[in-house]
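In my numbering, the protein residues as written are 26 to 163. Since the structure comes first, as structure tokens, the remarks are kept for the end.
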């Protein structure tokens with residue numbers, strides 16, 4: 026049980042840090058004018074994604090802030106679960122925004138997850154046929 030508490034505390038720190046970074050990305054739709062009142066809304070999906078990170082991270086941190094220090098096993102579990110859950114949450118903008126500014130097509134969940142995972146690992150946009158049709162926010 027102590028390892029679970031440690032993993033949840035460490036996951037909460039990841040979520041909070043990524044929530045902060047996600048807030049910085051809100052500057053992109055502001056700069057390019059992809060706001061809720063426009064045809065392509067890039068602001069709301071990023072705000073929702075950031076909110077999800079905070080809504081998971083803050084309560085978990087409050088509940089488990091006094092957990093035991095991490096050991097090798099809990100660190101490995103945190104890393105594995107972190108990659109998985111961060112990629113799942115990171116797929117929200119791909120699910121909520123059209124990836125084609127002409128047809129307003131939205132990605133299916135598996136493609137969005139794959140795209141999110143490739144973004145977090147640095148391999149880039151792998152499911153997009155024509156990058157010129159992407160909104161600036163994506």
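Even glycine gets a Cβ: it sits at the ideal position worked out from N, Cα and C. All values reported here derive from a predicted model rather than from experimental measurement.
Between the CA atoms of residue j and residue i - distance to the nearest angstrom
i: residue 123; j: residue 83; result: 30 Å
i: residue 68; j: residue 99; result: 35 Å
i: residue 112; j: residue 161; result: 20 Å
i: residue 29; j: residue 45; result: 24 Å
i: residue 56; j: residue 155; result: 22 Å
i: residue 103; j: residue 33; result: 8 Å
i: residue 59; j: residue 27; result: 45 Å
i: residue 110; j: residue 77; result: 11 Å
i: residue 163; j: residue 42; result: 20 Å
Cβ neighbour criterion (16 or more within 10 Å) applied to residue i
i: residue 1; result: Summary: the structure shown does not reach residue 1, with the chain confined to residues 26 through 163, and so no result is reported for it.
i: residue 66; result: buried
i: residue 25; result: Residue 25 cannot be examined here, being either before or after the span of the chain that is shown, 26 to 163.
i: residue 64; result: exposed
i: residue 129; result: exposed
i: residue 151; result: exposed
i: residue 115; result: buried
Residue i - partner residues in DSSP beta bridges
i: residue 84; result: According to DSSP, residue 84 bridges with nothing at all.
i: residue 131; result: 123
Extent of the continuous alpha helix (DSSP H) run through residue i
i: residue 37; result: 27-49
i: residue 112; result: 97-115
i: residue 54; result: 52-57
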